[in-house]
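Colleague: Dropping a structure here in structure tokens format, bear with me for questions.
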Amino acid sequence: MSNRKAVGIDLGTTFSAVAHIDAYGKPQIIPNAESERITPSVVLFDGSTAIVGTIAKNNTVAEPEKIVDFVKREIGKSKEQFHREFSGLNYSAEELSALILKKLKSDAEKYLKVPVTDAVITVPAYFNDSERTATITAGRLAGLNVLQIINEPTAAALAYGLD
0 MSNRKAVGID
10 LGTTFSAVAH
20 IDAYGKPQII
30 PNAESERITP
40 SVVLFDGSTA
50 IVGTIAKNNT
60 VAEPEKIVDF
70 VKREIGKSKE
80 QFHREFSGLN
90 YSAEELSALI
100 LKKLKSDAEK
110 YLKVPVTDAV
120 ITVPAYFNDS
130 ERTATITAGR
140 LAGLNVLQII
150 NEPTAAALAY
160 GLD
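Counting along the sequence shown from 1, when you hit position 103 you're at 102 in numbering that gives the first Met the number 0, and nothing is skipped either side.
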């Protein structure tokens, strides 16, 4: 078994997912720490602690002032155009997306039992260069070497060809 692993990540507007290629060459979705196949793309700030996923999503009604969701819609904007402040710190869309990616990376490492260093991340086909670059930045902030950014429809076609 390799001592590191590359993954594919769908960094979605409402939900995100991470997958790997198994020993048989088939793509497999990696369940998160909550045993779910998808992770809500929602961040909850509890003081200086960021909580990503289902717990955050479940608190959107009770604590909306502590929640950030739909951040993918803001990626590529400057910190002047979009930011959120929690506990005196300003977070850009890239930094918030990085928190989601860190959760996916951590969940993948726990599941695969090897470090996850490399990733391919999907983006909508309509994303411009600024949005694509910001997605790469988010990946790097999450501790990932972003091997490639792939259009979501292209990723779907590739997956279809693997079946």
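Idealized CB from N, CA, C, for every residue including glycine.
Assign Arg-3 to one of three DSSP states: helix, strand, or coil.
Modeller: Reduced to three states, the DSSP call for Arg-3 is coil.
Colleague: Apply the 10 Å Cβ neighbour rule to Tyr-90 and answer buried if 16 or more other Cβ atoms are within range, or exposed otherwise.
Modeller: Looking at its Cβ environment, which holds 16 or more other Cβ atoms inside 10 Å, Tyr-90 is buried.
Colleague: Based on Cα-Cα distance, which residue from Glu-79, Lys-76, Lys-78 and Val-51 lies nearest to Ile-66?
Modeller: Per the Cα distances, Val-51.
Colleague: If distances are taken between C-alpha atoms only, which option among Val-6, Asp-68 and Ala-16 comes closest to Glu-93?
Modeller: It is Asp-68 whose Cα lies nearest to the Cα of Glu-93.
Colleague: How is the alpha helix (DSSP H) around Asp-21 delimited, first residue to last?
Modeller: Unbroken run through Asp-21: none, as it is neither H nor E.
Colleague: Just to confirm the assignment, what range does the alpha helix (DSSP H) spanning Ala-133 have?
Modeller: Counting along the chain, the alpha helix (DSSP H) containing Ala-133 begins and ends at 128-140.
Colleague: Can you list, in chain order, the stretches of the alpha helix (DSSP H) that have 4 or more residues and sit fully within the stretch 87-113?
Modeller: Taking only runs of at least 4 residues, the alpha helix (DSSP H) segments lying wholly in the stretch 87-113 are 92-111.
Colleague: Thinking C-alpha only, which one of Glu-130, Ser-129, Thr-38 and Tyr-159 is nearest Ile-54?
Modeller: For the residues Glu-130, Ser-129, Thr-38 and Tyr-159, the minimum Cα distance to Ile-54 belongs to Thr-38.
Colleague: Use the C-beta contact count for Asp-128: other C-beta atoms within 10 angstroms, 16 or more gives buried, fewer gives exposed.
Modeller: So Asp-128 ends up on the exposed side.
Colleague: Taking a contact to mean a Cβ-Cβ separation below 8 Å, would you say Thr-12 touches Lys-71 in this structure?
Modeller: Yes. Within cutoff.
Colleague: Please say whether Leu-95 and Val-42 have beta carbons closer to each other than 8 Å?
Modeller: For Val-42 and Leu-95, yes; Cβs fall inside 8 Å.
Colleague: Touch check for the stretch 78-85 and the stretch 23-30: three-plus C-beta pairs under 8 Å?
Modeller: In short, these stretches do not touch, since the Cβ pair count stays below three.
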